[in-house]
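Keeping their order, the protein sequence lines are chains X and D. Just so we're aligned: 53 in this note's numbering is position 53 of the first sequence, and the numbers increase by one with no gaps anywhere. Just so we're aligned: 209 in this note's numbering is position 93 of the second sequence, and the numbers increase by one with no gaps anywhere.
2 protein chains.
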Amino acid sequence: MNHDYICPVEATLEIVGGKYKPLILWHLSGKTLRFGQLQKLLSSATPKMLTKQLRELENDGLIARKVYPVVPPKVEYSLTPLGTSFIPILSSICDWGNNYLKANNICPNCSMTEQK
Amino acid sequence: MNHDYICPVEATLEIVGGKYKPLILWHLSGKTLRFGQLQKLLSSATPKMLTKQLRELENDGLIARKVYPVVPPKVEYSLTPLGTSFIPILSSICDWGNNYLKANNICPNCSMTEQK
DNA sequence: CTGGATCCAAATAGATACTG
DNA sequence: CAGTATCTATTTGGATCCAG
Chain X
1 MNHDYICPVE
11 ATLEIVGGKY
21 KPLILWHLSG
31 KTLRFGQLQK
41 LLSSATPKML
51 TKQLRELEND
61 GLIARKVYPV
71 VPPKVEYSLT
81 PLGTSFIPIL
91 SSICDWGNNY
101 LKANNICPNC
111 SMTEQK
Chain D
117 MNHDYICPVE
127 ATLEIVGGKY
137 KPLILWHLSG
147 KTLRFGQLQK
157 LLSSATPKML
167 TKQLRELEND
177 GLIARKVYPV
187 VPPKVEYSLT
197 PLGTSFIPIL
207 SSICDWGNNY
217 LKANNICPNC
227 SMTEQK
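Here's what the structure looks like:
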């Protein structure tokens, strides 16, 4: 299969631009989290949406999914090296966004506000 | 109006994540372009879509729109300082995307491939 | 030349219920 | 616990035509 003539910026935005994806990567930075833990952190995400975003990130090679064959089920998600390599960019986007919001007198406040 | 509790990363992606928006900013980097010139550069964008993206970027303060009161109409678009401040991030996203595509044996090729 | 207006197709996201 | 399945609601994007 040939994918010539793809714009690198558009490709990147397709990979990390999905709803909840930046948040997922941010929360997984340095940690390993279970499905339920992610769901609590992204309280507004339905299981269906969260699963979809996780599968796509996994297929794009940014996160790893480890299934433990136990009852009840246990699944752990973590960043791959590729996923980790994107965190600095997320960080600079976060900085830019904070400046933008501050300039517009909007108070930024979310779990991504802390620095990594 | 109060916009508390907005995530800076999500805010940023809303601002620059729209279709054609990264491309528009990239093309305007250091240049001033007319509507028709942008349309040629973004050949797949319909006038309606291009107008919509430009208006949103203008409302978010990333680009400036200058109308010359002549016949036929002449409108020029350029980056504001805020828009210019986003170019380095676009640049690092571009780098990351190129590495990603290369790692997957996909040949990147678009008007954003050149470095700024 | 620079769009606006309208209509329509497709993609995306949410609510809810259910299961190994 | 970690998801699926189904059905809708909403958003987004494209096609086409029109106008100052």
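Don't be surprised by glycine CBs; every beta carbon is placed ideally from N, CA and C.
message: Using a Cβ-Cβ cutoff of 7 Å, what residues of the region 48-69 of chain X are near chain D? List them in chain order.
response: none
query: Are the region 49-68 of chain X and the region 89-98 of chain X in contact at 8 Å, needing three or more beta carbon pairs?
result: no
task: Give the straight-line distance between the Cα atoms of Ile140(D) and Thr148(D), rounded to the nearest whole angstrom.
output: By one-based count along the second sequence, residue 140(D) stands at place 24. By one-based count along the second sequence, residue 148(D) stands at place 32. So the alpha carbons of these two residues sit roughly 11 Å apart.
query: For Gln169(D) versus Pro163(D), is the C-beta distance shorter than 8 Å?
result: Here the question's residue 169(D) lines up with position 53 in the second sequence. Here the question's residue 163(D) lines up with position 47 in the second sequence. No, the Cβ-Cβ distance between Gln169(D) and Pro163(D) is not below 8 Å.
task: Quick one: list the residues of chain D neighbouring Gly97(X), beta-carbon separation under 9 Å, in chain order.
output: Here residue 97(X) corresponds to residue number 97 of the first sequence, with the count starting at 1. Those are Ile122, Cys123, Pro124, Val125, Glu126, Ala127, Thr128, Leu129, Ile131, listed as they occur along chain D.
- prompt: Apart from the five residues on each side of it in sequence, which residues of its chain come closer than 6 Å, Cβ to Cβ, to Leu217(D)?
  reply: Mapped onto the second sequence, residue 217(D) falls at position 101. For Leu217(D), where only same-chain residues beyond five positions count, the Cβ hits under 6 Å are Pro224.
- request: Spatial neighbours of Met165(D) within its chain, please: CB distance less than 8 Å, with the 5 preceding and 5 following residues excluded, ordered by chain position.
  value: To locate residue 165(D), count along the second sequence from 1; it is residue 49. If we look at Met165(D) and ignore the five residues flanking it on each side, its Cβ neighbours are Lys135, Tyr136.
field: Neighbour list for Ser43(X) in chain D, Cβ cutoff strictly below 7 Å
entry: Here residue 43(X) refers to the residue found at position 43 of the first sequence. Correct list: empty, because the minimum Cβ distance to chain D is about 12 Å.
query: Nearest to Leu158(D) by CA position, among Cys7(X), Ile89(X), Asn104(X), Ile106(X), is which residue?
result: On the second sequence, residue 158(D) is found 42 positions in, with the first residue counted as 1. When only C-alpha atoms are compared, the closest one is Cys7(X).
query: Per DSSP, what kind of secondary structure is Glu10(X) in: helix, strand or coil?
result: Along the first sequence, one-based indexing puts residue 10(X) at 10. In this structure, Glu10(X) counts as helix in the three-state DSSP scheme.
- request: Let me know if Ala127(D) comes out buried or exposed under the rule of 16 or more other beta-carbons within 10 Å of its beta-carbon.
  value: Taking the first residue of the second sequence as position 1, residue 127(D) is located at position 11. With 16 or more Cβ atoms within 10 Å of its Cβ, Ala127(D) is classed as buried.
message: For the region 194-205 of chain D, list every residue whose C-beta sits within 9 Å of some C-beta in chain X, in sequence order.
response: Leu198, Ser201, Phe202, Pro204, Ile205
message: Please list the terminal residues of the continuous alpha helix (DSSP H) segment that includes Asn203(D).
response: Reading the second sequence from its first residue, position 87 is the one you call residue 203(D). Reading off the sequence shown, one finds Ile at residue 203(D), where the question assumed Asn. Run containing Ile203(D): 197-219, per the alpha helix (DSSP H) assignment.
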